[in-house]
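Sequential numbering of the sequence shown, starting at 1, is according to the UniProt record's numbering. Take a look at the structure below.
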Amino acid sequence: MASIYTQADSNTRKTWFLLTGFLVFIIAIGWLFSYLMDSSAVLYISIFLSVFSSFGSYWWSDKIVLSMYKAQPIEKKDNPELYRVVENLCITAGLPLPKIYILPELQLNAFATGRDAKHAVVAVTQGLLQRLDKTELEGVIAHELSHIGNKDMLLSTIVAVLAGVIATLANLFMRVSFWGGGRKSNDNKGNAGLILMVLGIAAAILAPIAASLVQLAISRKREFLADADGSLLTRYPEGLAKALEKISSDPTPMRVTNDATSSLFIDSPYKGKQKTQWFAKLFMTHPPIEERIRALRGIKI
Numbered sequence: 001m002a003s004i005y006t007q008a009d010s011n012t013r014k015t016w017f018l019l020t021g022f023l024v025f026i027i028a029i030g031w032l033f034s035y036l037m038d039s040s041a042v043l044y045i046s047i048f049l050s051v052f053s054s055f056g057s058y059w060w061s062d063k064i065v066l067s068m069y070k071a072q073p074i075e076k077k078d079n080p081e082l083y084r085v086v087e088n089l090c091i092t093a094g095l096p097l098p099k100i101y102i103l104p105e106l107q108l109n110a111f112a113t114g115r116d117a118k119h120a121v122v123a124v125t126q127g128l129l130q131r132l133d134k135t136e137l138e139g140v141i142a143h144e145l146s147h148i149g150n151k152d153m154l155l156s157t158i159v160a161v162l163a164g165v166i167a168t169l170a171n172l173f174m175r176v177s178f179w180g181g182g183r184k185s186n187d188n189k190g191n192a193g194l195i196l197m198v199l200g201i202a203a204a205i206l207a208p209i210a211a212s213l214v215q216l217a218i219s220r221k222r223e224f225l226a227d228a229d230g231s232l233l234t235r236y237p238e239g240l241a242k243a244l245e246k247i248s249s250d251p252t253p254m255r256v257t258n259d260a261t262s263s264l265f266i267d268s269p270y271k272g273k274q275k276t277q278w279f280a281k282l283f284m285t286h287p288p289i290e291e292r293i294r295a296l297r298g299i300k301i
């Protein structure tokens, strides 16, 4: 079974593969549109956007997500108990102390982000701090630190940002297809315009779906692994199990939500919107929480 340490190298490789694949994919699409429109401008724009998005996702993805949710940094004097919990678990895990942020949300939730352990962030909602006891809070923080230890947060945050970028670029390509253009030959102009329109519509529909499927494939397995590794840190799986029970039964909606970043959280921020029928499970960003609780209560430490 993968651990908090053996998974880290795998996630690093996946991250660079993802960034490289994104770069090549966007440039290839840009070249195709550029060829059909007989204009190099689309290719140059695609190269610029893909390079900028890949670079920006690596360096600034954490800042983008924190800004999106209006998260505020805190110091030890602001919440000594939370800081002690994070400090003690970091010592146990052998991790540097991450920055700690609070989300101004009453929903019970949390996430980790950052490009590596030295630049990591743990963010929790106000609702989580108000309603969890110490052992439950330790379980949640240990879960998030496990994501940091195995570099899940870099991979998942980049996936979240790139999913949003892909959706935006797909929309852009669709608009470009409607603007028209084509090869200079009159015989080919009509066909090129039709091909552009079909490709633009297909990109607008399929690209966000493909990005979501990549997100889902990455996010589900990592939640079970982080639950298990977090339990090893606290030596008390029941703490996280009880926290997940409270989180899953919390009906409070989150004021700020985003499809691209929902997989970052310990549980989906879309309360009441994800069903557990087999078809719906295919598109859930998290495994059913009852399965996670059952797995936690099956751990013997």
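Note that beta-carbon positions come from the ideal geometry of N, C-alpha and C, so glycine has one too.
Sorting Ser-146, Gly-127, Gln-126, Phe-33 by C-alpha distance to the C-alpha of Leu-89 places Ser-146 at the top. In the DSSP assignment, Val-140 falls within the alpha helix (DSSP H) that extends over 134-149. Nearest in C-alpha terms to Ala-120, of all of Val-85, Leu-129, Phe-55, Glu-144, is Glu-144.
Taking a 10 Å sphere around the C-beta of Glu-138, we find 16 or more other C-beta atoms and assign the residue as buried. The stretch 70-111 is shown to contain whole beta strand (DSSP E) runs of 3 or more residues at 99-103, in chain order. Spanning the alpha carbons of Ala-112 and Ala-295 requires a straight line of approximately 22 Å. Shown here, Ala-123 sits in a strand according to DSSP, grouped into three states.
According to the DSSP secondary-structure assignment, Thr-252 is paired through a beta bridge with no residue. Per DSSP, the continuous alpha helix (DSSP H) segment holding Leu-296 begins and ends at 289-297. Under DSSP, Phe-48 shares a beta bridge with no residue. Pro-104 sits close to Lys-70, with the two beta carbons spaced by under 8 Å. Judged by DSSP in its simplified three-state form, Thr-257 adopts coil rather than helix or strand. Glu-81 sits exposed, since fewer than 16 C-beta atoms from the chains shown fall within 10 Å of its C-beta.
One thing to note: Pro-96 has its Cβ no nearer than 8 Å to the Cβ of Lys-63. Taking each of Met-68, Arg-13, Gly-30, Leu-66 in turn and checking the Cα distance to Val-51, the smallest one comes out for Gly-30. Pairing Tyr-44 with Val-159, the inter-Cα distance amounts to about 24 Å.
With fewer than 16 other CB atoms across the displayed protein chains lying within 10 angstroms of its CB, Gly-298 is exposed.
Distance from the CA of Gly-149 to the CA of Gly-239, rounded to the nearest whole angstrom, comes to 20 Å. When beta bridges are read from the DSSP output, Phe-265 appears opposite Phe-111.
In the three-state DSSP reduction, Tyr-35 falls in the helix class (H, G or I). Ser-57 sits in a helix when the DSSP states are folded into three classes.
Residue nearest to Ala-241 within the set Lys-221, Tyr-270, Asn-79, Ile-289 is Ile-289 (criterion: CA-CA distance). Closest in alpha carbon position to Arg-255, among Lys-76, Leu-108, Pro-98, Phe-17, is Leu-108. Of Ile-27, Phe-55, Leu-32, the smallest CA-CA separation from Trp-16 is found for Phe-55. Taking the Cβ atoms as the reference, Glu-245 lies roughly 32 Å from Ile-209, outside the contact range of under 8 Å.
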